[in-house]
Amino acid sequence: MKLAVLQQKEQVTLVTLALGSQTLAISADLLREILDPLPVTRVPGAGAFVPHVVNVRGSVVPLANLKIALGIPDAEADERSRILVLEIPLDGEPALVAIQADAVYEVATIETGAMERLPDTASIWPPEYLIGLYKGADGFVLLPDLPAIFSAQTAQAAAA
Amino acid sequence: MVDDELAGVFREELRDLLDSLERGLLDLKAAPQDMGLVNQVFRDLHTVKGSGAMFGFVELAAFIHRFETLFDRVRGGEVPVSAELIRLALAARDEIPGLVDGVADPEGRRDAILAGLGALAEGTAEPAAAVPVATPLVTPLVTGPALLEFRLLGEALGLGARPEVVLAELRAMGAEGIVADLADVPPLDLLEPDQCHIVWRMRLPAAVTEAQVEDVFLFTDAEWKLVRALPEGEGFAFELGEGAGEEAGEEAGAGAGAGGGAVAAPAGAGPLAQVAATPVQAASVLQAVASAVAEGPAVVAAAATIRVPAERLDALMDAVGELVIVEARLTELARQSRDPALMSTAEQITRLAAGLRDATMTMRMVPMRSLVGRFRRLISGLSDNLGKPVSFNVQGEDTELDKTVIEKLADPLVHVLRNAIDHGMETAEERQSSGKPQTGMIELSAEHAGAEVLIRVRDDGRGMDPARIRAKAVAQGIIAPDAVLTEAQVFALVFEPGFSTATEVTELSGRGVGMDVVRRTIESLRGAIEIESTLGSGTSVTLRLPLTLAIIEGLLVEVAGEKYTLPMAMVQEIVALPPDRALPKRTGDFLDIRGRFVPFLRLRGLFDCAGEPGAEQNVVIVATGENRVGIVVDRIVGTNQTVIKQMSKLHAGVRAVSGATILGDGSVALILDVGHLIGLGRGTGPAGFAGMAFAEVAA
Numbered sequence: 001m002k003l004a005v006l007q008q009k010e011q012v013t014l015v016t017l018a019l020g021s022q023t024l025a026i027s028a029d030l031l032r033e034i035l036d037p038l039p040v041t042r043v044p045g046a047g048a049f050v051p052h053v054v055n056v057r058g059s060v061v062p063l064a065n066l067k068i069a070l071g072i073p074d075a076e077a078d079e080r081s082r083i084l085v086l087e088i089p090l091d092g093e094p095a096l097v098a099i100q101a102d103a104v105y106e107v108a109t110i111e112t113g114a115m116e117r118l119p120d121t122a123s124i125w126p127p128e129y130l131i132g133l134y135k136g137a138d139g140f141v142l143l144p145d146l147p148a149i150f151s152a153q154t155a156q157a158a159a160a
Numbered sequence: 161m162v163d164d165e166l167a168g169v170f171r172e173e174l175r176d177l178l179d180s181l182e183r184g185l186l187d188l189k190a191a192p193q194d195m196g197l198v199n200q201v202f203r204d205l206h207t208v209k210g211s212g213a214m215f216g217f218v219e220l221a222a223f224i225h226r227f228e229t230l231f232d233r234v235r236g237g238e239v240p241v242s243a244e245l246i247r248l249a250l251a252a253r254d255e256i257p258g259l260v261d262g263v264a265d266p267e268g269r270r271d272a273i274l275a276g277l278g279a280l281a282e283g284t285a286e287p288a289a290a291v292p293v294a295t296p297l298v299t300p301l302v303t304g305p306a307l308l309e310f311r312l313l314g315e316a317l318g319l320g321a322r323p324e325v326v327l328a329e330l331r332a333m334g335a336e337g338i339v340a341d342l343a344d345v346p347p348l349d350l351l352e353p354d355q356c357h358i359v360w361r362m363r364l365p366a367a368v369t370e371a372q373v374e375d376v377f378l379f380t381d382a383e384w385k386l387v388r389a390l391p392e393g394e395g396f397a398f399e400l401g402e403g404a405g406e407e408a409g410e411e412a413g414a415g416a417g418a419g420g421g422a423v424a425a426p427a428g429a430g431p432l433a434q435v436a437a438t439p440v441q442a443a444s445v446l447q448a449v450a451s452a453v454a455e456g457p458a459v460v461a462a463a464a465t466i467r468v469p470a471e472r473l474d475a476l477m478d479a480v481g482e483l484v485i486v487e488a489r490l491t492e493l494a495r496q497s498r499d500p501a502l503m504s505t506a507e508q509i510t511r512l513a514a515g516l517r518d519a520t521m522t523m524r525m526v527p528m529r530s531l532v533g534r535f536r537r538l539i540s541g542l543s544d545n546l547g548k549p550v551s552f553n554v555q556g557e558d559t560e561l562d563k564t565v566i567e568k569l570a571d572p573l574v575h576v577l578r579n580a581i582d583h584g585m586e587t588a589e590e591r592q593s594s595g596k597p598q599t600g601m602i603e604l605s606a607e608h609a610g611a612e613v614l615i616r617v618r619d620d621g622r623g624m625d626p627a628r629i630r631a632k633a634v635a636q637g638i639i640a641p642d643a644v645l646t647e648a649q650v651f652a653l654v655f656e657p658g659f660s661t662a663t664e665v666t667e668l669s670g671r672g673v674g675m676d677v678v679r680r681t682i683e684s685l686r687g688a689i690e691i692e693s694t695l696g697s698g699t700s701v702t703l704r705l706p707l708t709l710a711i712i713e714g715l716l717v718e719v720a721g722e723k724y725t726l727p728m729a730m731v732q733e734i735v736a737l738p739p740d741r742a743l744p745k746r747t748g749d750f751l752d753i754r755g756r757f758v759p760f761l762r763l764r765g766l767f768d769c770a771g772e773p774g775a776e777q778n779v780v781i782v783a784t785g786e787n788r789v790g791i792v793v794d795r796i797v798g799t800n801q802t803v804i805k806q807m808s809k810l811h812a813g814v815r816a817v818s819g820a821t822i823l824g825d826g827s828v829a830l831i832l833d834v835g836h837l838i839g840l841g842r843g844t845g846p847a848g849f850a851g852m853a854f855a856e857v858a859a
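Going line by line, the protein sequences match chains A and B. For reference, each letter of the first sequence is one residue, going 1 to 160 in our numbering. For reference, each letter of the second sequence is one residue, going 161 to 859 in our numbering.
What follows is the structure, encoded as structure tokens:
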């Protein structure tokens, strides 16, 4: 998704969460539920990005680690960690995907005018996976492009 | 017009009727004299017309009415079944959905079809044709073909004339719509075996000259007549000569009284052998028809059925799936509680859940027959287009599969069948020169084998050439020039993306897309595909599919604390791993199972598990067909009802896992793809993985 698409609306509702020391914001439209940590099942050979599946109310849902895709260093998980269940288009079909978060902060409405493209220089994050960023209370908040991140993974999985 | 619900019911019904109609027409093409089939087609048309009118589809009803009129005449023996008639009837059938949906027909296709059908129906409405005689056929859109009729005179047959040779020559000149008129064939007791009583009529291309026709009859004592430039709309009033016409009339009266009516044997529909070439054969054809008529229309027993939207069945299956999981949880809790009352209730729930599960799964089973109709049509069309005569046999149409499997199976099977006829089948000439019957054979068979269904497409065509496939794969960079492959591995190369051996890209196949899609679809159904082929004598493609995609009996195993499920139907036996084999060795890992060597895989190694195995490990021997492989696990947990959940597309690359299931304690266990593991164990899996497996085994 391009920032321009997001900026067609004046305001968007976002969920902010922590990954390591970084704060991310995800569109609240994608969010289905927030769960306490669940027992996970390892999928052998699945790679580091989507290493597990979890049981979400009777559905088997892949559990992704966005830190791998975004190159964010790992941090010790504590009692604040959560699982976010999202519905994301995968190859044109909506699919349930869970992501790990080290903490979930708040649901906030943000003016899209305050959002910016990623600076071309000085970016330590993969630009193709980020829509942009904005300045929050405690520093920059990243807007990950989840459809792009997961589509790249399905393409890789299909090719394997 | 009509409220939507009623229209929906009509559409549902219509789909079945159209399937039945198509099947009837195609069967009729193969057996034009079968009055039972004619009656069936007529009944279907009549029902479509009736329900269409009832639901307010006026245009449809009017269209079918004219279609039906023609078949009424066929039924009365006034119009013969011919290839042309079948072709037009199928085209007319294809227009029906458009009529129902109110699709416009700007090109006037429907009118053209109706005109064609009308011409066929009225061809015999001419004076001479109050007589049930065969009618030559004409396509109204084509003008100016010459019409030829001939009969063999006097002792011609006795003197060695061969009508089939004459017909073959005429066909070589482009004769079409050949019809044998049996009206003059006398009753059996009056029959003179060495006299030919049949009149043949056909269409010849406009370019054919009298002199050419004369040449054909040079050595045959025959009476023939060539009529040109048929004025449009005038029908086919052949002047048979006065005597002949009258005779035919008398004969017809007698014939009609006999119940079957005189029957015309069309030649266009099939090989020459089907044409009554001699009076004796003609008589036997008449008898056959008479007996068919005597049997009357088959009594169709309408079973009491109820139509249910597919989504409701899916919802029911989902609910049953949840129930089975909760039931497993309940059983677990009851056992822990040690409360006898609770345990006995849990047992009853278990029994009821199993019954409900079986009933629900049975409801979702659909016979293969529902797919076969469109395949007949496909084969028939391809056979005509490619000029490769093919007979299509179907075995085991009643074999049932889960409806999801059936739905997803249609496209892959179409592809395999197309390949069989387009690549596999030789032309009639090639077949003849290699000593095979001219008509090729394609067989589609379906049968149950344990918890699998085997669907096989077999042809007696040219077979696959391993050397050519190999060369092509090397040229396309799919394998290295020095790769060592078994024959099975070579055949499996055709499933690689981008592979195609067709030297020419035909309209149908040869673009190299397809077989990889076929394999992917079959694998997404937890099935497998195998090819066997003998160069020169044919190819057989076998699809192995699970009976159901919903719930299976599973064997739960544990490896390094992780639980995995194996489909019980594929488990042959479980043996203890001999202590001296506890750790992998340098040499290949084989087990001696009652004198036969079975390769085995260590899941710990394959799945990259941490830690060392315990003292006792077990080997689960799994099999598909003849292929057996052992899978080394730490512990056998037990059997359980496994509700299959699809893996996400994000895990599409994990080939060793075919799905997941939720256990009684709410955790997820992965279902192992036994077909894939067997491929790994035997080194016949995808090239990249095979090496890895051997490395693992040998490491």
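The C-beta atom is built at its ideal place from N, Cα and C for all residues, glycine as well. Note that the structure is a prediction, hence the values are computed from the model and not measured.
Annotated three-state conformation of VAL644(B) is coil, per DSSP. Taking the CA atoms as reference points, THR699(B) sits about 28 Å from LYS563(B). Counting the other Cβ atoms within 10 Å of the Cβ of ASP619(B) gives 16 or more, which makes it buried. The contact set of ALA816(B) on chain A, defined by CB atoms closer than 9 Å, consists of PRO44 and GLY45 in chain order. For ARG57(A), the three-state secondary structure derived from DSSP is coil.
At a beta-carbon threshold of 7 Å, the residues of chain B lying near ASP91(A) are LYS809, ordered along the chain.
Counting the other Cβ atoms within 10 Å of the Cβ of HIS608(B) gives fewer than 16, which makes it exposed. For MET525(B), the enclosing beta strand (DSSP E) covers residues 525-527. For GLN777(B), the number of other beta carbons within 10 angstroms of its own is at least 16, and it is reported as buried. Proximity of GLN100(A) to chain B, defined by a Cβ-Cβ separation below 7 Å, is not satisfied. Annotation for LEU832(B): the continuous beta strand (DSSP E) segment containing it runs 828-832. Spatial neighbours of LEU542(B) in its own chain (CB-CB distance under 6 Å, excluding positions within 5 residues in sequence) are listed in chain order as ILE581. Residues of the same chain with a CB within less than 8 Å of the CB of VAL85(A), apart from the 5 flanking positions on each side, are LEU31, ARG32, GLU33, ILE34, LEU35, VAL56, VAL61, LEU96, VAL97 and ALA98 in chain order. Spanning the alpha carbons of LEU577(B) and LYS805(B) requires a straight line of approximately 31 Å. Counting only residues of its own chain and dropping the five nearest sequence neighbours on each side, ARG183(B) has a CB closer than 6 Å to the CB of GLY533. For GLY168(B) and GLY268(B), the gap between their C-alpha atoms comes out near 27 Å. Listed along the chain, the chain B residues whose CB falls inside 8 Å of the CB of ASN55(A) are ILE822, GLY826, SER827 and VAL828. Within the model, the alpha-carbon separation for VAL550(B) versus GLY600(B) is close to 4 Å.
If you draw a 10 Å sphere on the C-beta of PHE223(B), you find 16 or more other C-beta atoms in it, and that means buried. Under the three-state reduction of DSSP, ASN65(A) is assigned to coil, being neither helix nor strand. Excluding sequence positions up to five before and after LEU516(B), its CB lies within less than 8 Å of the CB of VAL480 and LEU483, all in the same chain and listed in chain order.
Per DSSP, the continuous beta strand (DSSP E) segment holding THR725(B) begins and ends at 722-727. Assignment of ALA742(B) by DSSP, reduced to helix, strand and coil, places it in the coil class.
VAL789(B) is a Cβ neighbour of ILE838(B), given a cutoff of 7 Å. Non-local beta-carbon contacts of ALA249(B) in its own chain, meaning distances under 6 Å to residues more than five positions away in sequence, involve LEU185 in chain order.
Listed along chain A are GLY58, each with a C-beta nearer than 8 Å to that of ILE485(B). For the pair PHE767(B) and PRO44(A), the CB atoms are nearer than the 7 Å cut-off. MET362(B) sits in a strand when the DSSP states are folded into three classes. If you ignore the 5 residues before and after LEU830(B), its C-beta comes within less than 6 Å of the C-beta of TYR724, VAL817 and ALA820, all in its own chain and listed in chain order. The count of Cβ pairs closer than 8 Å, one atom from the segment 688-695 of chain B and one from the segment 642-658 of chain B, reaches three, so the stretches are in contact. Its chain contains CYS356, THR380, ASP381 and ALA382 as the residues whose beta carbon lies nearer than 7 Å to that of ALA316(B), once the 5 sequence neighbours on both sides are disregarded; these appear in chain order.
Where SER27(A) is concerned, the enclosing beta strand (DSSP E) starts and stops at 22-27. By the C-beta criterion, the segment 633-652 of chain B is judged not to be in contact with the segment 524-531 of chain B, since fewer than 3 inter-stretch pairs fall below 8 Å. With contacts defined by Cβ atoms closer than 7 Å, GLU111(A) and GLN7(A) do not form a contacting pair. DSSP places HIS583(B) in the helix class (H, G or I) of the three-state scheme. Annotated three-state conformation of SER697(B) is coil, per DSSP.
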